[in-house]
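Note that the sequence shown covers residues 249 to 722 in our numbering.
Yeah, the Cβ is synthetic: ideal placement off N, Cα and C, and Gly gets one too.
Quantities reported herein were computed from a predicted structural model and do not represent experimental measurements.
To start, the structure itself, in structure tokens.
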Amino acid sequence: MPNQELKTTYTTAEVADRAGVHKDTLLRWLRAGVVAEPGRDRHGWRLFDEAQLADVVRYASASTTPILTSSFSSQSSALGDEIKRLQGIDWDFTGAKTDYLTHGLHPYPAKYIPQIPNALIQELSVTGETVGDIFCGSGTTLVEALTLKRHAVGVDANPLACLISRVKTSLLSEDALGSLLELASHADSLAASITASAERGLFGAAAFASKGSRPPLEEIGFWFEAHVIEEVAEAKLLAAGLTDEAARDAAFVCLSSIIVNVSKQDSDTRYVRRDKNIGPGDTLRRYARTLKDAVRRLAEFADMREPRFASNVLCASVLDAPNVPTLDLVVCSPPYPNAFSYHLYHRTRMLWLDMDQPTFKREEIGSHRKYSSKGKNAATVYTFSAEMQSIFRWLKSALRPYRFACFVVGDSTVGGQRINNADLISKAAEAHGFRRVADLERTMQANKKAFNPAIGRIKTETIVILQNGTGSAN
Ligand SMILES: C[S@@+](CC[C@H](N)C(=O)[O-])C[C@H]1O[C@@H](n2cnc3c(N)ncnc32)[C@H](O)[C@@H]1O
């Protein structure tokens, strides 16, 4: 039998693993001083001894004490330990890594950093419960809920958001991952041959013509170079040919993730044209790179996720009171009035993916388009307030009584007036029996959240914690 040395020191990752929490969570606890800082090795890395490991494991199991035994299982007005713990957290998460696992699969405007839902889920729910995000966007909350061994339910009216969320939370088989790698290598060789043909003097579309379908030229001609259209059409054709549905969806998400970069759309949140000098072969090469990166992320996620915790994504407007399983916790970041226009930023992506963009445009809450339009149909702050009222009317029965809905919100500007969305949303919630039990302030790092400073000028956010005081679910 080999002579095994007894292990007496542990790295941060090993301690987090033993405690069953994410490494970022452990780092947060260390920063907050709720577990003791260990010593460091000669390179400055933390090294925990047995006793320190035991302390962290003890703290982690205490922090998953069922909340239903807390003061918030009743109408008590006393602040519970959960809220005190939330108030002790530094919500800025400065320097935290945010694109781990499937979080880095696809860009999304105003996507929040995963550390926010991670901390809220840990403090306000327990293993096995169901966490909902009623504006799930790119699925940040859902990924965190699954890694923390909760079931996840997402709702979004944007079909692209739903596709991204589904893929980010899906469990792909080895075969499915293999088929994506084959697709990547095929796209790579095709890219090399297109570049070679172009260098031999066959420029533009003449270097390669795809048999794949594409949106009408009058819709996309303004936004894409002719040779890019051929390569995107080919990437779409190759993706559609995958037999495994989850692999096919992942291939479409990879394609969608490169669309804005290879188009002339300035950026994810600027719908204006700019030439970008995309050469023949570049699009398929980029697609291949994205596929390989996605396989690595999806495999890593599949490794750490337990299949018994399910994710369910509904493509619906929350204004239509969608039918969801009873939720134990809601964590979301709603659209703000006049801040973004998701239907516009995602227009070219949705065209390529044959998605119903006009319906989403109609259903989208808060869109800059609706607030900047002229005439009697222009949206106002009252429109947003009425929408929030209707959402809380539905949410009070979708969320278990006395449990929490956490809304991450910033201010926005409507008709030159600054709107305090945290107050506006809380008022709508209070009208339906919710209690505003805490406001947690955070400063956003501009480089960590895709936001549009020209429209919203959002620098700080509030995490409003609302308790379902008189809910009727059971
Ligand atoms: C701030 S984003 C959420 C981002 C998300 N937290 C993430 O990390 O990716 C707000 C979302 O609300 C969605 N939305 C807008 N109107 C909606 C409606 N009527 N019903 C459901 N979702 C809607 C938008 O499509 C967008 O994805």
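For residue 528, the shortest separation between its Cβ and any heavy atom of ligand 1 does not lie below 7 Å. Under the three-state reduction of DSSP output, residue 509 falls in the helix class. Its Cα nearest to that of residue 561, the residue 406 stands out among 406, 287, 282 and 373. At a cut-off of 7 Å, the beta-carbon of residue 388 counts as near ligand 1: some heavy atom of the ligand is closer than that. With fewer than 16 other Cβ atoms from the protein chains shown falling within 10 Å of its own Cβ, residue 623 counts as exposed. Secondary structure remark: continuous beta strand (DSSP E) runs of at least 3 residues inside the stretch 325 to 383, in chain order: 378 to 381.
Counting only the Cα atoms, residue 529 lies some 8 Å from residue 438.
When DSSP states are grouped into helix, strand and coil, residue 616 belongs to the helix group. Around residue 269, the same chain offers 308 as residues with beta carbons nearer than 6 Å, after the five sequence neighbours per side are excluded. Residue 402 sits in a strand when the DSSP states are folded into three classes. Around the beta carbon of residue 298, fewer than 16 other beta carbons lie within 10 angstroms, which makes this residue exposed. Pairing residue 614 with residue 371, the inter-Cα distance amounts to about 30 Å.
Around residue 639, the same chain offers 566 as residues with beta carbons nearer than 6 Å, after the five sequence neighbours per side are excluded. Taking a contact as a CB-CB distance under 8 Å, the pair residue 557 and residue 398 counts as one, their CB atoms being some 6 Å apart. The C-beta distance from residue 401 to residue 575 rounds to 6 Å, short enough to fall under 8 Å. The stretch 494 to 501 makes no contact with the stretch 453 to 467: fewer than 3 CB pairs, one atom from each, lie closer than 8 Å.
A Cβ-Cβ distance of about 5 Å is found for the pair residue 494 and residue 418, placing them in contact under the 8 Å criterion. The continuous alpha helix (DSSP H) containing residue 533 extends over residues 530 to 552. With a threshold of 16 other beta carbon atoms within 10 Å, residue 583 meets it and is buried. Under the three-state reduction of DSSP output, residue 669 falls in the helix class.
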